[in-house]
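Numbering (mature numbering (1 follows the signal peptide of the UniProt record, and there is no 0)), first residue to last: -22 to -1, 1 to 601.
Input: a single structure, listed below in structure tokens.
Next comes the structure, spelled out in structure tokens:
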């Protein structure tokens, strides 16, 4: 293939990597002010003896830390109150300034969000404007990148400590398999560093230091959770955070408010006898962990609502009501009318400008039993649009189209692409009695089951793999979203990067349809290319180059770059030049073609002279 386009067309790739620099003083000062010491207490406010670190990620007082700093991962019990100590001077111990409560937590990921709610005198804090750190893109980390760790490791007393190291590598959840669930680094750390921030060379938060493991011959490796795994906690629970990617401008995500949610009003209008309510309850911790799709269609005698709650193969009776005596909103579900899982929302869990309500998850073994706190929950409900059916059949193709989502129909073929799992070709069968579309998912000659369903204001695709594990992809109207991986139907699951569904458009190759070799490229086509450990770029071909290929743009979130794409009878070459002037290459031959996707070998390069680092298998699909 013209020797791979004369090794990546030097005319496109003129960049050279800049040398590593020390973290600027201004960035260090900002991080110091946003790094806090966390000390969990019991219900009486007495310290339990442990301590950890955290990073303020929102001026409104939200702190990212480890679960094990604020709770017990084994019993899934969270500390009721957290002392927050703030650095006033770097050479002095931090001062007890605030009380915080855990508002979101995932013991499987060992991550948690603490919100400052009271000052040290137990008075509500009101509106805060605290020093905070920007959050970044941990998927952009490469081996050898400089990282900087801040926290209260205990070395030399209780004052703040700083250490510097580099990314040593990546590993899977079990600390031995392939993956990016953990990032290895060699910065000096101690037990009190748990929950503290790990920053890149621009001072952007890219991880949470979580553990140090001793190996053979007294060697020791530190491990951090990459920030990519924290998005499932941050996005629905934190307001005012700022994202910075690729060295570009900072972006403050907007908050979408569902119609009829009554954001900030108490009690919420949806919980006061209004029928036709649908949405989700996301649970972290306990046997009820996962995302439950709720549909309330019947008004009960006491003014509450009754309906169904579904999560995977679990289908249970659900109730939604306002407890006037205790001034609480309850969403609960039961498999047998005896044992209940209950999400309890207090007034502080409903924020103005947010469509989500945060609460505490309790488990009840019987109607007369005392509830046990087992985790956290986030409720996302909305009133059903007027004129829609009140039963499960409301989840129809017309309903999904009305939300700006594509209409579903039997016989459709879709491509779902997972950043950490490759591409699957999914064919939909006939709609079932619940309004869902079961089907089949194929990848590299192996076929499994699939289910496509409307989940509140999003679409949920479930792909069963040949090894009986499964992946889920939840997307909004952009057809992009987050993925989770599950070992079985009882597993709470772990974050598995991003995902995207194939969707057609003018000038685009037909999504879902089998591709033919050699691939035909033309101006106006749009493609998705997934690079393992980096993410998905959307490629838009804008003009032919001087030879046989096409130039265009490559975007990934707020990151924008350029692209060269060329295909002939021998192979496909796709080169993405990133905003930081490094580049990624995906190259494949005919053997990589499988249905509606092409898979090849991915490499990452610092400049045109760099031989590159292998990333694994890349996937290219038409949009």
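By construction, the Cβ of each residue, glycine as well, lies at the ideal position given by its N, Cα and C atoms.
Here the structure is a predicted model, which is why all the values come from computation and not from measurement.
At the level of alpha carbons, what is the spacing between residue 85 and residue 348? 23 Å
For residue 316, which of helix, strand or coil comes out of DSSP? coil
Taking DSSP's pairing of strands, which residues face residue 289 in a bridge? 292
Buried/exposed call for residue 130, threshold 16 Cβ in 10 Å: buried
Taking the DSSP output, what are the residues bridged to residue 203? 186
Classify residue -13: buried if its beta carbon has 16 or more other beta carbons within 10 angstroms, exposed otherwise. With a pLDDT of 33 at residue -13, under the threshold of 50, the modelled position of that residue is not reliable, and the figure given next carries that caveat. Counting Cβ neighbours within 10 Å, residue -13 comes out exposed, since fewer than 16 surround it.
Quick check: the Cα distance between residue 169 and residue 68, rounded to an integer number of angstroms? 19 Å
Between which two residues does the alpha helix (DSSP H) holding residue 8 run? 3 to 12
How big is the Cα-Cα spacing for residue 531 and residue 12? 36 Å
Roughly how many whole angstroms lie between the Cα atoms of residue 548 and residue 560? 26 Å
State the DSSP-derived secondary structure class of residue 211, mapped to helix, strand or coil. helix
Give the list of continuous beta strand (DSSP E) stretches no shorter than 3 residues that lie fully inside the region 68 to 98. 73 to 84 and 89 to 97
Burial state of residue 528, where buried means 16 or more other Cβ atoms lie within 10 Å: buried
Nearest neighbour of residue 586, chosen from 553, 566, 572 and 598 [CA to CA]: 553
Whole angstroms are fine: how far does the CA of residue 17 sit from the CA of residue 545? 58 Å
Taking 8 Å as the threshold (C-beta atoms), are residue 474 and residue 461 in contact? yes
Name the two residues that bound the continuous beta strand (DSSP E) containing residue 507. 504 to 509
Residue 304 in three-state terms, based on DSSP: coil
Report, in whole angstroms, the separation of the C-beta atoms of residue 219 and residue 31, which I expect to be a contact under 8 Å. Contact flag wrong, Cβ pair sits at about 18 Å.
Using 8 Å as the Cβ pair cut-off and three pairs as the minimum, do the region 157 to 165 and the region 50 to 59 touch? no
Classify residue 79 as buried or exposed, calling it buried when 16 or more other Cβ atoms lie within 10 Å of its own Cβ. buried
With respect to the beta strand (DSSP E) encompassing residue 453, which residues constitute its N-terminal and C-terminal limits? 448 to 453
Beta-carbon spacing of residue 505, residue 598 below 8 Å: yes
What three-state label does DSSP hand residue 512 in the structure shown? coil
Where does residue 369 sit, in a helix, a strand or coil, going by DSSP? Any reading at residue 369 must be qualified, since the residue scores a pLDDT of 33, below 50, and its modelled position is unreliable; the value itself is stated next. Three-state DSSP puts residue 369 in coil, outside helix and strand.
What are the boundary residues of the alpha helix (DSSP H) that includes residue 48? 45 to 48
In three-state DSSP terms, what is residue 109? coil
Can you tell me which of the three DSSP states residue 150 falls into? coil
Cutoff 8 Å; reference residue 186; Cβ partners in own chain excluding five residues on either side: 33, 42, 43, 44, 89, 173, 174, 175, 176, 202, 203, 205 and 208
Cutoff 6 Å; reference residue 380; Cβ partners in own chain excluding five residues on either side: Only weak support is given to the placement of residue 380: the predicted model assigns it a pLDDT of 38, under 50, and the value that follows is read from those uncertain coordinates. Excluding sequence neighbours, residue 380 sits near nothing in its chain.
Whole-angstrom distance between residue 418 and residue 575, CA atom to CA atom: 16 Å
Can the beta-carbon of residue 141 be found less than 8 Å from the beta-carbon of residue 127? yes
Straight-line Cα distance separating residue 387 from residue 375: Low confidence applies to residue 375: its pLDDT is 38, below 50, so where it sits in the model is not reliable enough to give any reading.
Taking DSSP as the reference, what is the three-state secondary structure of residue 466? coil
Taking the beta strand (DSSP E) that residue 61 falls in, what are its first and last residues? 59 to 64
I'd like to know if residue 20 contacts chain B, where contact means its C-beta is closer than 8 Å to some C-beta of that chain. Note that chain B does not occur in the displayed structure, where there is just one protein chain.
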